[in-house]
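Worksheet: one structure, shown below.
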Amino acid sequence: MSDPKNDVEAGSGLLYPWMQESPELRWAFIRKVYSILTVQLLVTIAFAALVVAVHPVATFFAATRMGRAVYVVIVLIPIIVLCPLYCCKNKHPLNFVLLGIFTLCYGLAFGIVCAFFSGKVVIETVIATTVVVISLTLYTFWAAKRGQDFGFLAPFLLSILVILLMFTIFQIFFPMGKISETIYSGLTVIIFCAYIIYDTDNLIKRNSYDDYIWASVALYLDILNIFLQLLKIFGASER
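In my numbering, the protein residues as written are -4 to 234.
This is the structure in structure tokens:
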């Protein structure tokens, strides 16, 4: 007969061998984070679908100067909101208000991006992203259960992220060719796959119980970046 204390699927088992805290409290925290993340993704999908379905909205953003200006504002708002969101991550209900603004703006922005791709490409990207994220999440829980720790990835991922940001800015002034863009997107997918593993490992071991907002934001951004880069790859293969 199995020991329920070690039964991960029971929602109360030890998540990793040297676990000192209460498994029940950590599992409750994990469920809370994934609940928030699920709502974020559903809201993003709903707003993106609305933009794609209502053609005048997509046309406004793509074909008018005002629309392009509004799009830039929509993209900048989540970046600006990140700082106060981090500072107020434990201040309820302000943290949820800021999280809502952050999520809604990204939903609109991704809807505008998806409007430039065929429905087939978008669906393929959604399926691929779902498979990748679920697989990596299950792997991380499995690896943690067997004593693996991914905390060592932090400095490497931070360094690579800084290089990616610099390279992205460089692209604005010196655009790459299609092949180079596809290679860049592929490398970016790999990097954010590593971030999924790292952030999930933090969720299991290192995030405090008050960090549920920031933990969900980290995973949300990982997923959106994987989706965006896969969308570019699938879109390029169709053209």
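Glycine is no exception: its CB is placed at the ideal position from the N, C-alpha and C atoms.
Suppose you measure from the CA of residue 89 to the CA of residue 79; what does that come to, to the nearest Å? Each residue's CA atom was taken as its position, placing residue 89 and residue 79 some 10 Å apart.
DSSP three-state call for residue 217: helix, strand or coil? For residue 217, the secondary structure class from DSSP, reduced to helix, strand or coil, is helix.
Would you mind giving the Cβ-Cβ distance between residue 99 and residue 38, rounded to the nearest angstrom? I have them listed as a contact below 8 Å. Rounded, the Cβ-Cβ distance is 7 Å, consistent with contact.
With 16 other Cβ atoms within 10 Å as the buried cut-off, status of residue 135: By the neighbour-count rule (16 or more Cβ atoms within 10 Å), residue 135 is buried.
Grab me the residues of residue 205's own chain with a C-beta within less than 7 Å of its C-beta, minus the 5 sequence neighbours each way, in chain order. If we look at residue 205 and ignore the five residues flanking it on each side, its Cβ neighbours are 85.
Straight-line Cα distance separating residue 11 from residue 174: Approximately 42 Å between the Cα atoms of the pair.
Cα separation between residue 83 and residue 60? Spanning the two alpha carbons is a distance of roughly 35 Å.
C-alpha gap between residue 222 and residue 182, whole angstroms: Those two C-alpha atoms are separated by around 13 Å.
Suppose the cutoff is 8 Å on Cβ atoms and the five residues either side in sequence are ignored; what does the same chain contact list for residue 27 look like? Closer than 8 Å at the Cβ level, and outside the excluded window around residue 27, lie 207.
C-beta neighbour in chain C for residue 68, strict 8 Å: Checking the listed chains, one finds no chain C in this structure; it contains a single protein chain.
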